[in-house]
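Numbers in the numbering used here are just positions in the sequence shown, counted from 1, shifted up by 4.
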Amino acid sequence: MKNVLIIVSHPREESLTVSMASAHAEASKNVGNSVEVIDLYRCEKQQPFFTYEDANGVYQTEEMTYFQEKIEKADEIVFFFPYWWGSMPAILKNFLDWNLSKGFAFTYENGRPKGLLEGKHVKLFTTTGAPKFFYTITGANRRLKNMFKEQIVNFCGMKLESCNIYGGVDTSGKNVEAILADVPMKI
Ligand SMILES: Cc1cc2nc3c(=O)[nH]c(=O)nc-3n(C[C@H](O)[C@H](O)[C@H](O)COP(=O)(O)O)c2cc1C
């Protein structure tokens, strides 16, 4: 049994992204995992835009404690978000800015960074409007994976277990069924 924390970021509750997160949560519960979902757009705890003053880590907010306790408890953290402007939605970036704070997610030892979230595994699920072949040959998918892996997951001492990028998610909705069938297989 694993403690799984799902973090989903999409402004529309009826979106494919939110449906993917629900399908994954259901499948994970069915195999006996304890699953918690943070829906960033609809969560009762909202965090304002992170500012430079906050970056000094001089104070701990109530919201940081709320989210960090959930991160602390998780064996596995699973992110669901749409691929926006080559990256993640700003609300997810803001979540990382605030909650992967110095002293909680990383520290410095002899001037070198040291991750403090060792033992946690991370999975990533995202969808792109662009077709998969196009983002594979242009390197866009690789850039997203490497950025997340090197700059976020590894930096905090965690391990990226899988990076699932589904392409060709446009208004036609033609790939939706296949994606929703695949996501529960990746628990
Ligand atoms: C603000 C914004 C930025 C986007 N940027 C990209 C992009 O850089 N590359 C891409 O392939 N698709 C991009 N898209 C398309 C989304 O990735 C696509 O609509 C989404 O994956 C569909 O999932 P959803 O149905 O859950 O929204 C963007 C969409 C929006 C709204």
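Note that beta-carbon positions come from the ideal geometry of N, C-alpha and C, so glycine has one too.
- With respect to the 7 Å criterion, residue 188 and residue 27 are classified as neighbours on the basis of their beta carbons.
- Inside the segment 61-94, DSSP marks whole alpha helix (DSSP H) runs of 4 or more residues at positions 66-77, from first to last along the chain.
- For residue 174, the closest C-alpha among the options 10, 25, 19, 11 is that of 19.
- Excluding five sequence positions before and after residue 125, the CB atoms of its chain that fall closer than 6 Å to its own CB belong to 80, 163, 165, given in chain order.
- Following the DSSP letters along the chain, one finds residue 126 inside the beta strand (DSSP E) bounded by residues 125-131.
- Excluding its 5 nearest sequence neighbours in each direction, residue 22 has C-beta neighbours in its own chain below 8 Å: 12, 14, 16, 43, 84, listed in chain order.
- With respect to the C-alpha of residue 176, the residue from 186, 109, 133, 73 having the closest C-alpha is 133.
- Annotation for residue 172 indicates a beta carbon at 6 Å or more from all heavy atoms of ligand 1.
- Non-local beta-carbon contacts of residue 35 in its own chain, meaning distances under 6 Å to residues more than five positions away in sequence, are absent.
- If you look at residue 140, you'll find it in the alpha helix (DSSP H) that goes 136-141.
- In chain order, 20, 23, 24, 27 place their CB closer than 8 Å to the CB of residue 184, counting only its own chain and leaving out the 5 sequence neighbours on each side.
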